[in-house]
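Only one structure is covered here, and it is reproduced in the block below.
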Amino acid sequence: MKVAFLGLGVMGYPTARHLKDKGHEVTVYNRTAAKAERWVAENGGRAAPTPKAAAEGQDIVFSCVGNDDDLRAVTIGPDGAFAGMKPGAIFVDHTTASAEVARELHAKAKEMGLGFVDAPVSGGQAGAENGVLTVMCGGDAADYAKAEPVIASFARACRLLGPSGAGQLTKMVNQICIAGLVQALSEGIHFAKKAGLDVEAVISVISKGAAQSWQMENRWKTMNEDKFDFGFAVDWMRKDLGICLAEARHNGAHLPVTALVDQFYSEVQRLGGNRWDTSSLIARLDR
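In numbering that gives the first Met the number 0, the protein residues as written are 0 to 286.
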């Protein structure tokens with residue numbers, strides 16, 4: 000397929016590479032043009048000066064940007080991708096954004112004869128680099144069916160979960176669950192230390208039982224060593240939890256633990272941990 004990728008951050012840069020490696024013809028755009036040129040130098044393909052130019056003639060346009068406003072800028076802003084896309088082309092958005100903006104852009108795309116799939120991802124930087132992301136999708140079944148084989152270039156799991164916005168809502172569930180798990184793991188490790196236990200021995204036992212989780216398997220050691228440079232940053236998690244809490248106010252869901260953990264992350268930010276990874280919740284207990 001002929002595809003474009005808009006946004007070459009820690010997730011987009013390797014994800015676009017997997018598309019190229021799987022044989023797709025890739026055009027890239029990044030707000031900082033030097034990064035797009037570097038990507039082309041490393042991977043081939045083509046760099047475009049604007050989202051519109053990147054989208055022209057493509058079958059699918061992917062994006063992975065920062066937030067709702069960034070997403071609007073690369074789709075319907077001046078020189079946005081929608082204006083350059085051919086009829087029947089599909090826009091697949093991997094940004095973690097609101098369900099509201101997904102529905103807004105889906106409606107706009109349909110007016111213009113385009114497809115739109117909201118498709119936030121889980122798996123972090125390591126998942127993007129290794130091409131094993133989990134992709135949660137919302138949109139029309141026909142658009143998803145066209146996009147899914149291409150998404151498979153960098154995903155180990157991909158599913159359509161409902162109409163427009165369902166992908167973003169599912170990502171909110173994902174972040175709600177992670178927030179609670181990381182806080183519980185932080186408290187468990189902290190308690191083990193205070194109790195004079197051998198943390199490694201404790202984790203080796205309980206990770207074989209009902210307490211097991213991805214966070215425990217992959218983060219307990221670095222958490223125990225106060226090392227927090229392993230992926231998704233606290234600033235980004237607070238953005239995501241803010242989206243979750245805003246949606247909960249809209250739909251009536253009660254998220255007391257999520258709201259509390261969001262405030263705990265604000266304490267980590269005050270410790271200077273804005274760019275620490277999300278496992279740094281333990282820092283506020285140990286310092």
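For glycine and all other residues, C-beta sits at the position ideal for the given N, C-alpha and C. Bear in mind the structure is a predicted one, so any value in this text is a computation, not a measurement.
Next item on the list: Label ASP239 either buried or exposed according to how many other C-beta atoms from any shown protein chain fall within 10 Å of its C-beta, with 16 as the threshold for buried.
Entry: buried
Checklist line | Sheet register partners of LYS1 (DSSP bridge) | finding: GLU24
Item checked: Cβ distance (whole Å) where GLU224 is taken to contact MET171 below 8 Å -> Incorrect: roughly 31 Å between the Cβ atoms, too far for contact.
Checklist line | Selected residue, minimal CA-CA separation from SER278, among THR49, ALA252 and TRP219 | finding: TRP219
Note to self: Can you give me the C-alpha to C-alpha distance between LYS1 and GLY126, rounded to a whole angstrom?
What the structure shows: 24 Å
Next item on the list: Compute the Euclidean distance between the alpha carbons of LEU159 and THR94, then round it to the nearest angstrom.
Entry: 16 Å
Check: On the three-pair Cβ rule with 8 Å, is the stretch 104-111 touching the stretch 171-190?
Finding: no
Checklist line | Same chain, Cβ closer than 7 Å to VAL267, neighbours up to 5 away in sequence not counted | finding: VAL233, TRP275, SER279, LEU280, ALA282 and ARG283
Note to self: Rounded to the nearest angstrom, what separates ALA191 and VAL198 at their Cα positions?
What the structure shows: 6 Å
Check: Which two residues bound the contiguous alpha helix (DSSP H) that contains PHE190?
Finding: 165-193
Item checked: Nearest-angstrom Cβ-Cβ length linking LEU7 and ALA35, presumed shorter than 8 Å -> 6 Å
Next item on the list: Would you mind listing the beta strand (DSSP E) stretches within the stretch 67-93 that are 3+ residues and don't spill past its ends, in chain order?
Entry: 89-92
Next item on the list: Quick one: using the 10 Å Cβ neighbour count with 16 as the cut-off for buried, is TRP213 buried or exposed?
Entry: exposed
Notebook entry, point to check: From which residue to which residue does the alpha helix (DSSP H) around ALA127 run?
Noted result: 123-129
Notebook entry, point to check: Contact check, VAL73 vs GLY79 under 8 Å by CB: the rounded distance?
Noted result: 6 Å
Note to self: My assumption, with CB atoms under 8 Å, is that VAL25 sits in contact with GLN124. Please give the rounded CB distance.
What the structure shows: Contact doesn't hold; Cβ gap of about 20 Å is too wide.
Notebook entry, point to check: Does the distance from the C-beta atom of TYR12 to that of ALA53 stay below 8 Å?
Noted result: no
Checklist line | Residue from ASP261, SER163 and ALA183 whose Cα sits closest to the Cα of SER97 | finding: SER163
Note to self: In whole angstroms, give me the CA-to-CA distance for GLY56 and THR169.
What the structure shows: 31 Å
Check: Are the Cβ atoms of ARG237 and ASP261 separated by less than 8 Å?
Finding: yes
Notebook entry, point to check: When burial is assigned at 16 or more other CB atoms within 10 Å of the CB, is GLN211 buried or exposed?
Noted result: exposed
Checklist line | Beta-bridge partners of THR14, as assigned by DSSP | finding: None, per the DSSP bridge assignment.
Margin query: Could you tell me the alpha carbon to alpha carbon distance between ALA258 and GLY187, rounded to whole angstroms?
Written below: 20 Å
Note to self: Report the CB separation of GLY166 from GLY137 in whole angstroms; it is logged as a contact under 8 Å.
What the structure shows: 4 Å
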